[in-house]
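Report on the following structure.
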Amino acid sequence: MTDGVSSRSARSTTGSSSDVERAAQPRDETPPTSGLSRRGLLGLAAGVGAAGLALGTGAGAAAGVAVGRSREREGTASVYDYFGEHQAGITTPVQDHLHFASFDMMARTDRDDLVSLLQDWSYAASRMTQGLQVSATGAVGGSPEAPPDDTGEALGLPAAGLTITFGFGPTLFETADGEDRYGLAAQRPALLERLPAFLGDDLDPGHSGGDLCIQACADDPQVAVHAIRNLSRIAFGRARLRWSQLGFGKTSRTTAAQATPRNLFGFKDGTANILADDADALAAHVWVSSDDEPAWLAGGSYLVARKIAMLIEIWDRVRLAEQERIIGRDKGEGAPLSGGVETTAPDFTAAGADGDAIDVDSHVRLAHPEGNDGIRILRRGYNFVDGNTDLGRLDAGLFFLSYQRSPEQFVRLQRSLSTDLMNEYLRHVGSGIWAIPRGARPGSYIGAELFA
Amino acid sequence: MSRIRTTRALAAVAAVGVTALALAGCVAKADVEGADALAVTSTDTACDVSAATATSGTLTFDVANESTQISEFYLLADDGLRIVGEVENIAPGASRTLTVVAQPGDYFTLCKPGMVGEGVGRTAFSVTGEAVAATGDDAEQKQQAVDLYAAFVKDQVEQLVPAVDELVAAYESGDDEQARTLFPQVRAFYERIEPVAESLGDLDPRIDYREVDAVAEGLDWTGFHRIEKDLWVPAEDALNADGETPAWQDWAPSTDEERAAFGDQLIADVGELNTYVHSDDFQSALDSQGIAGISNGAIGLLDEVATGKISGEEDWWSGTDLWDFAANVEGSKMAFSLVKDFAVAKGDDGATLAGDIEQGYADLDASLAAHGSLADGFVTYAELTDDDKREFTDLINALAEPLSQLTTTVLE
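Residue numbers (the working numbering), protein chains in the order written: chain A, 1034 to 1485; chain B, 128 to 539.
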């Protein structure tokens, strides 16, 4: 509660069971009679604490929304906690759809603006992830003389497993010109800096970087888009959308129960991903530890996003055996070319018909921990198709997302991939890195540790 | 930009401005005699005020019309645009009195014999002393705001009428260079009050439709944009604003006879607009909407910017979109200033909202000023970079979001 005090304006808010407008089940159609005005939402202040309380008691108890525990069941009925030790949306079973957005803070904003934005975003996220509208009055419960707080396209939809994950880019702490806009330069993690140039980069600045990022994942694309749309609107005047990306067809899994999905090359991807129940691997490779620097990032992680365009028309003309040699796995089963089934560990010493069974420059070999000092990352990418290019090709590819304890893990792996046979069919067109703070504590807001 | 929007515009009438002091009082009353009575003499060429300074508080201006036409007297804010108080319909030989509660600040006085044009005798006027509290009950203050709003609209249209005369004279006589200079300047009077005109059925289509709008609705294409295309003749291979239709398809530069017809039509249409804003119908439309109409007008004008001007679709051939942009913003800002005090009076939330809105206007003004001004001209739309347009878009978002809460706040 004390963390939630905003500099903007103070208005206490109350939650009630009527807040639950689009919760999973049962749905309560009663128009809300109490609660938060748009100004209250923007000003937040005590709202975070009150909201946390409301979600924990009123909403949870009255509407049967699971709070305090996550449902592992996948699908549109899933509801995940917003508050917790780690942010949701990392080890959470990978949802089917993504809307990712990068923001820059607006000129003339100050530290108070940033704090109030994070508070307002947290409050809205704490509601939307529970299947609630963005505020108590929502899309239709407010004054007819005012635009509704909630844009409304998710009315009647369940939470659909929505997770909203926030990150802080290097430029939030210090601009490229060395300006410390928010008094955060001293808090900047030493490792949080723009990624180095990699062979084959063809980066578009308009699709790279950003002071802040939001990853919204859901099993219903409309729910994910609704989240980004409303969070963007809340940010107007404080932060501006820099770029955003829609994704579909998850390309990785984070639980053993999930089948390994395929990317747009048609191959299973992420077979060796770190899974949510592998606590040791998560501690070693994903979560920033309290022994790491800086202390405020403990329980957090680093997110790398890479927009990787695939030259799929060219790829589709590659004969099957060559495709499999490039990847290092067979296309149907996903087994390594050294034999076995999908889950069989690849044997890089195995001999094939002519030379190694798994080519030395195959993707699976270059990316494998065995050749990278045991380094692993948690991948969470999505396929994308942004219509087509001017040349009449599908503008398609992989929106790569990975979470790691240190950016060095990604850098090491990406450098290993410099000779990857797959590179001939890839172009890295977007790039970004963000520090992912620990989860918001109940009653507080995302990143509060940074401002303590 | 006008197409499509007519229904919303009805609720939006447009824009007036007034500073805090206006709300306290500015009604013409013949029977008010103040200790600080100022004598104003309106002639055909001058507007003499007995003093150039006054002390804050209730001021009365006794306006004697010694001109040969019906006259008006205005007290304008320091931007020379916003009306703080006005008295109108003063017959030749008659006198009327303007009473205002004036806050400290810089103002202008001017008279408008004949009720059209920019007026005569514009003179600086300053008020010193302490700020004074507003008086009068809420309903009275709201009615005053509406009256000032009406006065601003009338003033803008009154200035539009002779400005259009001048533009048309240059256009019809073939002085295209002069007409090109005047074109964006004249439009500013229209753009400041655009939603008013758009509420008038087929008037706005005749005055302000673009070619693609007229074609889409099967109308004869007339008005500002018809003249614009004659003044900025497209290249042979140019495309129209739809990005598809050849510019020269079903179009040729107007003949002298056609110019005369289009010019006279615009004069007639603007005259009809002037008649309307001086009619009881207009006043009663404003009265029925109250301050919500003013507030919605402020929002509507920013929507005009966000939809048409930011994309360069409005002045496709001349590229003078930034003039329209700036005039829309001015109109919006004045409408806001008229209702601002009602928002502030709602408490901390209202005051915060008003502060956010004022900051939004200030940021947008600063960004616009980097590209010119209405007085000295702007760069053309083609000279704006993508980053410039992006900045405008972000600043409009920043302003329009709190502004969209203004109506509900003042009505609460």
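We put the CB at the ideal spot given by N, CA and C, even for glycine. All figures in this text were calculated on a predicted structure; none of them were measured in a lab.
Is P311(B) near the ligand MN, judged by its Cβ being under 8 Å from some heavy atom?
The ligand MN is not part of the structure shown, which contains no ligands of any sort.
With a threshold of 9 Å between beta carbons, is A1260(A) in contact with chain B?
no
Using three-state DSSP, classify I484(B) as helix, strand or coil.
helix
Quick check on A218(B): buried or exposed, where buried means 16 or more other Cβ atoms within 10 Å of its Cβ?
exposed
Given a threshold of 16 other Cβ atoms within 10 Å of its Cβ, counted over all protein chains shown, does P1229(A) qualify as buried or as exposed?
exposed
8 Å contact criterion, which L413(B) and A277(B) should meet: CB distance rounded
5 Å
For a contact defined as C-beta to C-beta under 9 Å, what are the partners of R1141(A) on chain B?
Q486, D490
Proximal chain A residues relative to L538(B), where beta-carbon distance stays under 8 Å:
S1176, E1178
is_contact[R1273(A), chain B] using C-beta, thresh 9 Å:
yes
Compare the C-beta of A277(B) against all C-beta atoms of chain A and say whether one is closer than 9 Å.
no
Do F279(B) and R209(B) have their CB atoms nearer than 9 Å?
yes
Per the DSSP calculation, K1301(A) is bridged to which residue(s)?
R1295(A)
Below 8 Å on the Cβ atoms is my guess for A1400(A) versus L1450(A); work out the distance and round it to an integer in Å.
6 Å
I think L203(B) touches Y234(B), with their Cβ atoms under 8 Å apart; what is that distance to the nearest whole Å?
6 Å
Under 9 Å between C-beta atoms, does R1474(A) make it to chain B?
no
Is there contact between the stretch 493-507 of chain B and the stretch 411-426 of chain B, where contact requires at least three CB pairs shorter than 8 Å?
no
Report yes or no: is there a C-beta of chain A within less than 9 Å of the C-beta of S438(B)?
no
Let me know if W1467(A) comes out buried or exposed under the rule of 16 or more other beta-carbons within 10 Å of its beta-carbon.
buried
If you reduce the DSSP assignment to three classes, tell me which class A191(B) lands in.
strand
Between which two residues does the alpha helix (DSSP H) harbouring V280(B) extend?
265-299
Candidates V1351(A), P1191(A), V1173(A): which alpha carbon is nearest T1184(A)'s?
V1173(A)
Could you tell me how far apart the beta carbons of G1407(A) and G1243(A) are, in whole angstroms, since I believe they sit closer than 8 Å?
Their Cβ separation, rounded to whole angstroms, is 31 Å, which puts G1407(A) and G1243(A) out of contact at 8 Å.
6 Å CB neighbourhood of E213(B) in its chain, flanking five on each side removed:
Y201, A278
Buried or exposed: where does G974(A) fall if 16 or more other Cβ atoms within 10 Å of its Cβ makes it buried?
For chain A, the structure presents residues 1034 to 1485; residue 974(A) sits outside this window and is missing.
If you draw a straight line from the alpha carbon of D1210(A) to that of Q1442(A), how long is it in whole angstroms?
27 Å
Tell me which residue opens and which closes the beta strand (DSSP E) that V1468(A) is part of.
Note that residue 1468(A) is Ala in the sequence shown here, rather than Val. That run of the beta strand (DSSP E) goes 1459-1469.
Taking buried to mean at least 16 other C-beta atoms within 10 Å of its own C-beta, is P1203(A) buried or exposed?
buried
Could you tell me which of E1403(A), R1413(A), G1367(A) sits nearest to T1382(A), measuring between CA atoms?
E1403(A)
Whole-number beta carbon distance between R1141(A) and S1285(A), since they are thought to touch under 8 Å:
Not a contact, Cβ separation roughly 40 Å.
Nearest-angstrom Cα separation, counted from V1258(A) out to G1101(A)
Because G1101(A) carries a pLDDT of 34, less than 50, the predicted location of this residue cannot be relied on, and the following value inherits that uncertainty. So the two alpha carbons sit approximately 25 Å from each other.
Closer than 9 Å to chain B by CB, R1266(A):
yes
Kindly indicate which three-state DSSP category V1148(A) falls into: helix, strand or coil?
helix
Anything in the stretch 496-528 of chain B with a Cβ closer than 7 Å to a Cβ of chain A? List those residues in chain order, please.
D521, N524, A525, E528
What three-state label does DSSP hand M1138(A) in the structure shown?
strand
Just how far apart, CA to CA, sit L526(B) and Q1447(A)?
43 Å
Judging by CA-CA distance, which residue of G1420(A), G1480(A), L1454(A) is the nearest neighbour of Q1278(A)?
G1420(A)
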